[in-house]
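Residue numbers (this note's numbering): 1275 to 1671. Even glycine gets a Cβ: it sits at the ideal position worked out from N, Cα and C. Below is one structure; the comments refer to it alone.
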Amino acid sequence: MDFNQSFACAVQPSLNTELPQSGSGGLELFDCVELFAGCGAMALGLARAEFAHTCMVEINPQACRTLRDNFASETRLSHLSVLERDVRGIDWTSFSGSSLVAGGPPCQPFSNGGLSAGKHDTRDMWPEAIRAVREIQPQAFVFENVKGLLRKSFSDYLRSILNSLERGGDVDPGAVMRYQVVVIQVNAADYGAAQKRDRVLIAGVRLDAGVLAPFPRPTHSLERLVWDKWCDGEYWTRHDLERPDPATMSRAERAVLKNVLRSSVKPEGLPWQTCRDAFAGLGEPNVSNCMHGHESRGVARQYPGHSGSSWDLPAKALKAGVHGVPGGENMVVSSDGTARYFTVREACRLQGLPDSFVPSGSWSQAMRQLGNAVPATLAEVAGNWLANTLRGECSSQ
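In structure tokens, the structure reads:
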């Protein structure tokens, strides 16, 4: 069992990138079946990595509408089926031999903000993810979840999940090993997403289909952002702003700056993307804004344990708002200390979704879908990594 615990990242794609129409780059397209598809952020990232979905399964009606509105009309996905069903009632054998099985099993059983009931939570769908692998026997799979899954209290259950996946979903402990399986801990900000979102990927490749290389190395960092802001000032110049008083520097930046100054060498790679970077060109939200989903939501209330994100750092992780206001802490704080909720369009950008992507439903419904999503930027990196593996191009980045 290979535990490839690493942070990873990739160059952020253009926020205006549309869903690829075909394998125009000459690369082989792989078919994909996705469980727990949500609003389709993982699907979009995988599509950018040349995976073409044949089936997306999601139980939430509003999310299914988003999937149909944003994916079903695409030429390359003309055979896509969006199934508005409970995965427990699906026979996966009709998808036998698919290249990839993907999805994000519900994270509430393992989230720090939940009851932490794990496998005893009725929402635990890992057995269904395992069953999909068993019945489809794909060349590869990738599942995403919260970092809480790695807590010591869940270690036995996690090991049982990994053992089952290694055996191709077989529940027989004596079954032969069929898949190489790895566990990868990542921060979406290290991928170029303008959001600090810690996730866990569980990925595998069938032993006759390839060998997994180490997950791609980070390309974005807080160290480079600190350099660009507080050493050469490039960040402020780029946004046509005066450099602020260093006293406004966050505690985390101050600690990093000491190390950066000590080395006196410009960090390699790219800077973490900030809210200001992500929202460039949108302008202030208002009711008459022509950009879909960029209507003002008004002032948000902050209190201990419920605070907003800085304009000049990656956003805090978007939340689905299962408890309280949908969207949770999904707000940004201005220089005067006041906060406002993110607009739907801003939240889409934080998740790496193009401006053409329109979540269905009200602000609350859209924010709930986006808060449950995996950043498309992260899914794209994972997709490219797996696609390279299936093509036999398994060198690390």
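Whole-Å CB distance - residue i paired with residue j, under 8 Å assumed
i: L1486; j: T1663; result: 6 Å
i: C1313; j: F1325; result: The pair is not a contact, with the Cβ atoms about 17 Å apart (cut-off 8 Å).
i: G1595; j: M1641; result: 6 Å
i: E1260; j: R1362; result: Residue 1260 cannot be examined here, being either before or after the span of the chain that is shown, 1275 to 1671.
i: L1644; j: L1592; result: 6 Å
i: A1467; j: L1660; result: That belief does not hold up - the Cβ atoms of A1467 and L1660 are roughly 19 Å apart, past 8 Å.
i: A1391; j: M1316; result: Actually they are not in contact, since the Cβ atoms of A1391 and M1316 sit about 25 Å apart, beyond 8 Å.
i: A1574; j: L1624; result: That pair is no contact at about 16 Å.
i: K1393; j: Y1431; result: 5 Å
i: V1416; j: L1475; result: 6 Å
i: N1419; j: F1384; result: 6 Å
i: T1272; j: A1462; result: The requested residue 1272 does not occur in the structure, where the chain is confined to residues 1275 to 1671.
Residue i versus residue j - alpha carbon distance
i: A1706; j: L1320; result: Outside the displayed range of the chain (1275 to 1671) lies residue 1706, so it cannot be described from this structure.
i: S1537; j: P1492; result: 20 Å
i: V1534; j: E1497; result: 7 Å
i: P1559; j: P1628; result: 17 Å
i: C1338; j: D1519; result: 47 Å
i: F1428; j: M1399; result: 15 Å
i: V1445; j: G1378; result: 21 Å
i: E1302; j: C1381; result: 32 Å
i: Q1639; j: K1426; result: 34 Å
i: P1649; j: A1449; result: 35 Å
i: D1464; j: K1590; result: 14 Å
i: L1515; j: C1549; result: 15 Å
i: E1603; j: G1666; result: 43 Å
i: K1503; j: P1447; result: 54 Å
i: E1508; j: R1452; result: 50 Å
i: A1647; j: R1571; result: 21 Å
i: A1613; j: A1621; result: 15 Å
i: H1353; j: E1332; result: 17 Å
i: G1555; j: R1619; result: 12 Å
i: Q1295; j: V1539; result: Because Q1295 sits at a pLDDT of 49, beneath the cut-off of 50, its placement in the model cannot be relied upon, and the following sentence gives the value as read from the coordinates. Roughly 42 Å separates the two Cα atoms.
i: Q1336; j: R1397; result: 19 Å
i: M1605; j: G1611; result: 12 Å
i: L1424; j: R1433; result: 10 Å
i: S1298; j: S1630; result: Model confidence at S1298 stands at a pLDDT of 48, short of 50, so the residue's coordinates are unreliable; what they give is reported in the following sentence. Approximately 21 Å between the Cα atoms of the pair.
i: S1229; j: Y1577; result: As displayed, the chain neither begins before 1275 nor continues past 1671, which places residue 1229 out of reach and without an answer.
i: N1386; j: V1356; result: 31 Å
i: G1484; j: M1330; result: 25 Å
i: R1512; j: D1506; result: 11 Å
i: W1637; j: Y1615; result: 10 Å
i: S1524; j: L1439; result: 42 Å
i: A1529; j: R1517; result: 19 Å
Cβ-Cβ distance between residue i and residue j below 9 Å
i: H1568; j: G1582; result: no
i: S1373; j: A1414; result: yes
i: K1421; j: R1473; result: yes
i: V1607; j: S1584; result: yes
i: H1494; j: Q1459; result: no
i: E1527; j: L1544; result: no
i: A1653; j: A1323; result: yes
i: L1318; j: G1579; result: no
i: V1632; j: N1334; result: no
i: P1488; j: N1658; result: no
i: P1541; j: W1510; result: no
i: R1405; j: G1371; result: no
Bridge-paired residues (DSSP) for residue i
i: K1540; result: In DSSP, K1540 forms no bridge with anything.
i: L1309; result: G1377
i: A1521; result: A1521 pairs with nothing; no bridge assigned.
i: D1472; result: N1461
i: M1330; result: E1308, V1356
i: F1415; result: V1375, G1478
i: Q1454; result: V1479
i: M1605; result: Y1615
i: Y1577; result: H1580
i: P1545; result: S1495
i: A1589; result: Q1469
i: F1489; result: F1489 is not bridged to any residue.
i: F1325; result: F1304
i: V1420; result: R1473
Residue i at chain D interface by Cβ criterion, 9 Å
i: G1377; result: Here there is only one protein chain, and chain D is not present.
Problem set entry | the region 1354-1372 in contact with the region 1400-1409 per 3-pair CB rule at 8 Å | yes
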